[in-house]
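Novice: One rule links them: number in my numbering = place in the sequence shown (from 1) + 2.
Please read through the structure below; I'll follow up with questions.
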Amino acid sequence: MMQEKKNDGCQTHENPVETLRFSASPVRLQKHFLRFFKQIDGYYFLLAFAMMGMFWCLHLLLGGGFAAPTFYNTYTRQAMAWRQGLLHLPQDFPWLELAVYPQVFEGGTLLTQHANYYVSFPPLPSVVLLPFTFIFGEQTPDNLLVKLYGLIGCFAIYASLKKAGNSRPAAALLSFLITTASSALPMMLNGAVWYHAQMLAFMLMCLSVMLMLKGMPTGSLFLYALSVACRPFDALYGPLLYFFYLRTHRDQPFKKTALQLLPGTVLGLCVAGGLAWYNAARFGDVLEFGHNYLPEFSFQGGIQFSASHVKNHIPTFVLGSPLSVSHDGSYSFNAFGYSLFLACPAITLMLLQAIRDLIQKRFTLVKLAILLFMAVQLFLLLMHRTFGGYQLGARYVVDLVPYAVMYFGISREEKGRNALFITLLFLVLVFTGVGISFIHI
Numbered sequence: 003m004m005q006e007k008k009n010d011g012c013q014t015h016e017n018p019v020e021t022l023r024f025s026a027s028p029v030r031l032q033k034h035f036l037r038f039f040k041q042i043d044g045y046y047f048l049l050a051f052a053m054m055g056m057f058w059c060l061h062l063l064l065g066g067g068f069a070a071p072t073f074y075n076t077y078t079r080q081a082m083a084w085r086q087g088l089l090h091l092p093q094d095f096p097w098l099e100l101a102v103y104p105q106v107f108e109g110g111t112l113l114t115q116h117a118n119y120y121v122s123f124p125p126l127p128s129v130v131l132l133p134f135t136f137i138f139g140e141q142t143p144d145n146l147l148v149k150l151y152g153l154i155g156c157f158a159i160y161a162s163l164k165k166a167g168n169s170r171p172a173a174a175l176l177s178f179l180i181t182t183a184s185s186a187l188p189m190m191l192n193g194a195v196w197y198h199a200q201m202l203a204f205m206l207m208c209l210s211v212m213l214m215l216k217g218m219p220t221g222s223l224f225l226y227a228l229s230v231a232c233r234p235f236d237a238l239y240g241p242l243l244y245f246f247y248l249r250t251h252r253d254q255p256f257k258k259t260a261l262q263l264l265p266g267t268v269l270g271l272c273v274a275g276g277l278a279w280y281n282a283a284r285f286g287d288v289l290e291f292g293h294n295y296l297p298e299f300s301f302q303g304g305i306q307f308s309a310s311h312v313k314n315h316i317p318t319f320v321l322g323s324p325l326s327v328s329h330d331g332s333y334s335f336n337a338f339g340y341s342l343f344l345a346c347p348a349i350t351l352m353l354l355q356a357i358r359d360l361i362q363k364r365f366t367l368v369k370l371a372i373l374l375f376m377a378v379q380l381f382l383l384l385m386h387r388t389f390g391g392y393q394l395g396a397r398y399v400v401d402l403v404p405y406a407v408m409y410f411g412i413s414r415e416e417k418g419r420n421a422l423f424i425t426l427l428f429l430v431l432v433f434t435g436v437g438i439s440f441i442h443i
C-alpha cells in the first residue's frame, strides 16, 4: 500500500516536469523559425513579385500566354529528336533557322533528298528543355522559362550589388531595372529560339559573375562554360574571370590560387569537350555548330561575319535613334534596332561610372580589363550580319550586361549615383514598355 502511494507520488512529481518540457518545445521551435526567417532576405520575394507582376500585366496588354509554348520552338524539337536517337530534326521546318547538311548540288540546285536539317545553335537550351519534354511533349512552357532565367539573373545581380556594399533597397531597385530596362524585356515575354538561348546565357553569366565576386571560382567557371554553350562569344568572359581571381588573390601563393582554379577549369573543359564532340558528330568539325550551313550563309551569298558589317551597324546600333518620322510627321519605333546606349543603359551607366572613377583616381586594372573585354566582344557581335534582326533596341548587347554587373560589383556604393542611375533606368523602362506594344513577336 505504501509502495503504491510512493509510486503515485512519483507520478505526480514527474508529470508536471514532462508537461513543462512539452509546453516549452513549441516556444523553442518558434524561436528557431523566427531566427530562420530573419536570415531570409525578403527582397528576393519582392523582386520575384515585381517582375512576375510586370510580366503578367504586359501579357494582358499584348496577348500571348504567360507560360505558353512558342511557335519558334527549335530547342524543344531538338530535344524531342534526341529522344528518337537523332542528332538532326526529322524534317524541315521552314520558319526556323535550320542548317542544311550535307549540301549536295546538281546543276546549281540543292538536292534536299540527300540533306538533313540541323539546329544551327549551340545545344545547351535543348539540354535544359529535355526533361520538360517528358512532361509537356512539344508544348514546353518556353515563355515561362525565359522569365525564370531573367528572374534568376536579376537575383544574381542583386546579390552582386549587395556584396559591393549597396543597401538592400538600392541593390534591389538597381537589379530590377538593370534586368528589365533593356532589350532583355521583350525577350522575357516570348521563349522563341533566339531569345531562349540569350536569356539562358544571361542568367548563367550573371550567376558566374556573382560567384566569382564571392570568391567561388569552381561554380563560376562551370556556369561560364555553360553560357558559352548558349552564346559562343561569351567565351570572352573566361580570361576576364581568371584575371579577376588572380588579381584579387595576388597576396597568396600562386600555387594555391592555381589549385583553387583547377576544379572549375576541369569542369569547363568537360563542357567544351562535350560541345566539340557534338559538333564533330553532326558536321565533322569541332568548332561548327551549324550557322555556316544555313542557306543564307552557305549558298545564298550572305556573309555571316565581316568587318564591313561593323561599319554598316554603327549608324543604327551606336548612333541610331529609336524613333523615325514619317512624311505625315508621325513617329514610329524603328523595328530593326537603335542605339545600344539607350537599348541597354546599364552599359552607358558603366561607362559613366568609369569616367568618374578615372577623375577620382579609382580606376583599377580590373576595371580596365572589364572595359577592354567588353569592347572586344561588342566588336565581334557587330561583325554579325544582322546584329539581331527584327527587334526592339539592340538585343545582342544584353550579352554585355554581366560586364556592367562585374564593374558595379567592385565599385563602392554612392547614394547620389544610385539615385541618378535608378531615375535614368526607370525612364528607359517606361520607354521600352511603350516600345514593346509596337515591336514584339
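Note that CB positions come from ideal geometry on N, CA and C, so glycine has one too.
In three-state DSSP terms, what is Phe338?
Specialist: Your numbering for residue 338 matches position 336 in the sequence shown. Correct three-state label for Phe338: strand.
Novice: Expressed to the nearest angstrom, what Euclidean distance is found between the alpha-carbon atoms of Leu248 and Thr259?
Specialist: Taking the sequence shown and counting its residues from 1, the one referred to as residue 248 is at position 246. Taking the sequence shown and counting its residues from 1, the one referred to as residue 259 is at position 257. The alpha-carbon atoms of Leu248 and Thr259 are separated by roughly 7 Å.
Novice: Would a C-beta distance cut-off of 7 Å place Ser128 and Tyr77 closer than the cut-off?
Specialist: The residue you call residue 128 lines up with position 126 of the sequence shown. The residue you call residue 77 lines up with position 75 of the sequence shown. For Ser128 and Tyr77, yes; Cβs fall inside 7 Å.
Novice: Going by the beta-carbon positions, is the gap between Gly339 and Phe307 smaller than 7 Å?
Specialist: Locating residue 339 in the sequence shown gives position 337, counting from the first residue. Locating residue 307 in the sequence shown gives position 305, counting from the first residue. No, these two residues do not count as a Cβ contact at 7 Å.
Novice: Less than 7 Å between the beta carbons of Phe51 and His61, yes or no?
Specialist: Position 49 of the sequence shown, counted from the start, is the residue given in the question as residue 51. Position 59 of the sequence shown, counted from the start, is the residue given in the question as residue 61. In this structure, His61 does not lie closer than 7 Å to Phe51 by Cβ.
Novice: Val121 and Gly275 look like a contact to me (Cβ under 8 Å); what is the Cβ gap, rounded to whole Å?
Specialist: Mapped onto the sequence shown, residue 121 falls at position 119. Mapped onto the sequence shown, residue 275 falls at position 273. Not quite, the Cβ-Cβ distance comes to about 20 Å (not below 8 Å), so this is no contact.
Novice: Answer yes if the segment 193-210 comes into contact with the segment 123-142, meaning at least three C-beta pairs across the two stretches below 8 Å, and no otherwise.
Specialist: Verdict: yes, contact present.
Novice: Report the rounded CA-to-CA distance for Leu427 versus Cys346, giving the unit in angstroms.
Specialist: Position 425 of the sequence shown, counted from the start, is the residue given in the question as residue 427. Position 344 of the sequence shown, counted from the start, is the residue given in the question as residue 346. About 9 Å.
Novice: Taking the alpha-carbon of Ala186 as reference, which of Leu202, Leu215, Leu175 has the nearest alpha-carbon?
Specialist: Walking along the sequence shown from the start, residue 186 turns up at place 184. Nearest option by C-alpha distance: Leu202.
Novice: Within a Cβ cutoff of 6 Å, which residues of the same chain sit near Tyr405, ignoring the five residues on either side of it in sequence?
Specialist: As a first step, residue 405 is located in the sequence shown; it is residue number 403 there, counting from the start. Same-chain partners within the cutoff: Ile372, Met376.
Novice: Please report the residue range of the alpha helix (DSSP H) in which Asn145 lies.
Specialist: Counted from its first residue, the sequence shown places residue 145 at position 143. Where Asn145 is concerned, the enclosing alpha helix (DSSP H) stretches over 144-165.
Novice: In chain order, what residues of the same chain have a beta carbon less than 7 Å from the beta carbon of Leu382, not counting five sequence neighbours either side?
Specialist: In the sequence shown, the residue the question calls residue 382 occupies position 380. Answer for Leu382: Phe235, listed in chain order.
Novice: Drop a sphere of 10 angstroms on the beta-carbon of Asp287, count the other beta-carbons inside from all chains shown, and report buried for 16 or more, exposed for fewer.
Specialist: Taking the first residue of the sequence shown as position 1, residue 287 is located at position 285. Exposed, because fewer than 16 other Cβ atoms sit within 10 Å of the Cβ of Asp287.
Novice: Please classify Ser328 as buried or exposed, where buried requires at least 16 other C-beta atoms within 10 Å of its C-beta.
Specialist: Along the sequence shown, one-based indexing puts residue 328 at 326. Ser328 is exposed by the Cβ-count criterion.
Novice: Using beta-carbon positions only, say whether Leu228 and Leu263 come within less than 7 Å of one another.
Specialist: Residue 228 sits at position 226 when you count from the first residue of the sequence shown. Residue 263 sits at position 261 when you count from the first residue of the sequence shown. The answer is no: Cβ separation not under 7 Å.
Novice: Name the DSSP beta bridge partners of Val195, please?
Specialist: For the purposes of this step, residue 195 is taken as the residue at position 193 of the sequence shown. Its beta-bridge partners do not exist; DSSP assigns none.
Novice: Please report how far the alpha carbon of Phe433 lies from the alpha carbon of Leu342, in whole angstroms.
Specialist: Counted from its first residue, the sequence shown places residue 433 at position 431. Counted from its first residue, the sequence shown places residue 342 at position 340. About 14 Å.
Novice: Hey, Met212 and Ala166: beta-carbon distance below 7 Å or not?
Specialist: For the purposes of this step, residue 212 is identified with residue 210 of the sequence shown, where counting begins at 1. For the purposes of this step, residue 166 is identified with residue 164 of the sequence shown, where counting begins at 1. No, they are not a contact pair.
Novice: Using DSSP bridges, identify the partner residues of His386.
Specialist: Here the question's residue 386 lines up with position 384 in the sequence shown. Its beta-bridge partners are Phe307.
Novice: What span of residues does the beta strand (DSSP E) with Ser326 cover, start to end?
Specialist: As a working mapping, residue 326 is identified with position 324 in the sequence shown. Start and end: 325-327.
Novice: Could you check whether the Cβ of Lys363 sits closer than 6 Å to any heavy atom belonging to the ligand ADP?
Specialist: Here there are no bound small molecules, and the ligand ADP is not part of this structure.
Novice: Which term fits Ser177, buried or exposed, when burial requires 16 or more other beta carbons within 10 angstroms of its beta carbon?
Specialist: Position 175 of the sequence shown holds residue 177. Answer is buried; the Cβ neighbour count reaches 16.
Novice: For a test of the three-state rule: what should DSSP assign to Leu91, helix, strand or coil?
Specialist: Translated into positions along the sequence shown, residue 91 becomes position 89. Leu91 falls in the strand class under three-state DSSP.
Novice: Nearest to Asp401 by CA position, among Arg358, Ala237, Gly331, is which residue?
Specialist: As a working mapping, residue 401 is identified with position 399 in the sequence shown. Selected option, being the one with the closest Cα: Ala237.
Novice: Can you find the residues in the same chain that come closer than 7 Å, C-beta to C-beta, to Cys156, ignoring five residues on each side of it along the sequence?
Specialist: Here residue 156 refers to the residue found at position 154 when the sequence shown is read from its first residue. So the qualifying residues of the chain are Leu49, Met53, Ser177, Phe178, Thr181.
Novice: DSSP three-state label for Asn118, please.
Specialist: As a first step, residue 118 must be located in the sequence shown, where it is residue number 116. Correct three-state label for Asn118: strand.
Novice: Compare the C-alpha of Asn145 against each of Trp58, Ile159, Ser169 and name the closest.
Specialist: Stepping through the sequence shown from its first residue, residue 145 is reached at position 143. Per the Cα distances, Trp58.
Novice: Alpha carbon to alpha carbon, what distance is there between Tyr244 and Gln254?
Specialist: Residue numbering aside, residue 254 sits at position 252 when the sequence shown is read from its first letter. Residue numbering aside, residue 244 sits at position 242 when the sequence shown is read from its first letter. Between Gln254 and Tyr244, the C-alpha separation is close to 15 Å.
Novice: Where Tyr409 and Ile349 are concerned, what is the direct C-alpha to C-alpha distance, given to the nearest angstrom?
Specialist: The residue labelled residue 409 in the question sits at position 407 within the sequence shown. The residue labelled residue 349 in the question sits at position 347 within the sequence shown. About 10 Å.
Novice: What is the DSSP secondary structure of Leu100, reduced to helix, strand or coil?
Specialist: Sequence index remark: in the sequence shown, residue 100 carries index 98 (1-based). The answer is strand: DSSP assigns Leu100 an E or B state.
Novice: Note the first and the last residue of the continuous alpha helix (DSSP H) segment covering Thr250.
Specialist: Here residue 250 corresponds to residue number 248 of the sequence shown, with the count starting at 1. 239-250 is the extent of the alpha helix (DSSP H) around Thr250.
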